[in-house]
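Colleague: Mind looking over this structure? Questions follow.
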Amino acid sequence: MEGKLPIRRKVLDKGWVQLEDLMGGDAAVIRGARICYQSVARSPEDDIRLIRRLMASEPKHNTVFEHAVFRFGVKCPLFVARQWMRHRIASYNERSLRYCIADREYYVPAGDPPEVEAYRQHMEASFDLYERLLQAGWRRERARGVLGMAVYTEFIWTVNAWSLMNWLYKRLDKHAQWEHRQYAKAVLEIYRQVMPVTAAAFEEFILKR
Ligand SMILES: Cc1cc2nc3c(=O)[nH]c(=O)nc-3n(C[C@H](O)[C@H](O)[C@H](O)COP(=O)(O)OP(=O)(O)OC[C@H]3O[C@@H](n4cnc5c(N)ncnc54)[C@H](O)[C@@H]3O)c2cc1C
Numbered sequence: 452m453e454g455k456l457p458i459r460r461k462v463l464d465k466g467w468v469q470l471e472d473l474m475g476g477d478a479a480v481i482r483g484a485r486i487c488y489q490s491v492a493r494s495p496e497d498d499i500r501l502i503r504r505l506m507a508s509e510p511k512h513n514t515v516f517e518h519a520v521f522r523f524g525v526k527c528p529l530f531v532a533r534q535w536m537r538h539r540i541a542s543y544n545e546r547s548l549r550y551c552i553a554d555r556e557y558y559v560p561a562g563d564p565p566e567v568e569a570y571r572q573h574m575e576a577s578f579d580l581y582e583r584l585l586q587a588g589w590r591r592e593r594a595r596g597v598l599g600m601a602v603y604t605e606f607i608w609t610v611n612a613w614s615l616m617n618w619l620y621k622r623l624d625k626h627a628q629w630e631h632r633q634y635a636k637a638v639l640e641i642y643r644q645v646m647p648v649t650a651a652a653f654e655e656f657i658l659k660r
């Protein structure tokens with residue numbers, strides 16, 4: 452694997468995604484596959500061929516890809532997090548606005564003036580009200596109700612390579628929301644860096660198919 456952890460990519464105006472931990476990589480896929488056949492590689496090219504064959508095969512021998520596991524940290528708007536967490540085959544923990552006070556930080560789409568200014572004013576006003584409610588003694592868990600979906604949140608996402616590829620496949624698609632796609636593009640870059648053989652086979656046989 453190239454590069455030290457964490458590997459961070461900036462996304463949108465204030466967000467990011469970072470790989471914090473990785474178990475296995477391409478070698479874990481090979482281990483999962485070779486135990487089935489009790490086979491050994493005669494050369495590194497044998498392992499590359501095997502991963503390509505597994506990715507191209509139908510029906511897929513998919514469980515071999517589950518032995519590589521990632522832990523990512525993510526900072527994204529609430530509306531992206533909500534879509535992301537629909538992907539159930541993963542583990543999540545998110546910063547709680549029951550326990551933490553929301554930072555005055557929200558996503559602002561680039562372009563579209565003067566509407567963007569009205570959007571910004573609306574978000575600022577919602578934070579003003581949020582802070583007023585807290586000062587008046589409202590619980591954080593209630594006061595947060597006035598904040599908009601553009602507020603940034605942070606979560607950690609632990610996911611295996613098979614489920615990661617399912618997420619990439621769906622969230623790189625042109626039908627996925629543009630903002631979510633920017634996160635998928637950043638994760639794909641990291642995936643290429645840390646699991647080059649599996650990522651290349653995924654792009655060749657699944658994404659470009
Ligand atoms: C462009 C786009 C638009 C979308 N629009 C909407 C929308 O309008 N409304 C909405 O509600 N959702 C919407 N979604 C979310 C979508 O329906 C899925 O919930 C989300 O993409 C997660 O996909 P998944 O189930 O494959 O992933 P995961 O939940 O990670 O599941 C991975 C795989 O495990 C299997 N699996 C998991 N749970 C079950 C289960 N209970 N039963 C059987 N098999 C299971 C399936 O094979 C599944 O593909 C949208 C997604 C995309 C990409």
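Under the working numbering, the first residue of the sequence shown is numbered 452, with each subsequent residue one higher.
Just so it is clear, CB atoms sit at the ideal spot from N, CA and C, and this is done for glycine as well.
#1: On a CA-only basis, which of Gln534, Arg482, Val515, Glu517 is nearest Trp629? Give me that one, please.
#2: State the start and end residues of the unbroken beta strand (DSSP E) segment that holds Thr604.
#3: Could you tell me if Met536 is buried or exposed, where buried requires 16 or more neighbouring beta carbons within 10 angstroms of its beta carbon?
#4: How many whole angstroms separate the CB atoms of Pro528 and Val602, which I take to be in contact at a CB cut-off of 8 Å?
#5: Can you have a look at Gly588 and say buried or exposed, based on whether 16 or more other CB atoms are within 10 angstroms of its CB?
#6: Can you give me the start and stop residues for the beta strand (DSSP E) that Met467 sits inside?
#7: For ligand 1, is there any heavy atom lying closer than 8 Å to the beta carbon of Gln534?
#8: Taking only three categories from DSSP, how would you classify Tyr543?
Modeller: This is what the structure holds:
#1: Gln534
#2: 603 to 611
#3: exposed
#4: 7 Å
#5: exposed
#6: Residue 467 is actually Trp in this sequence, not Met. That run of the beta strand (DSSP E) goes 466 to 474.
#7: yes
#8: strand
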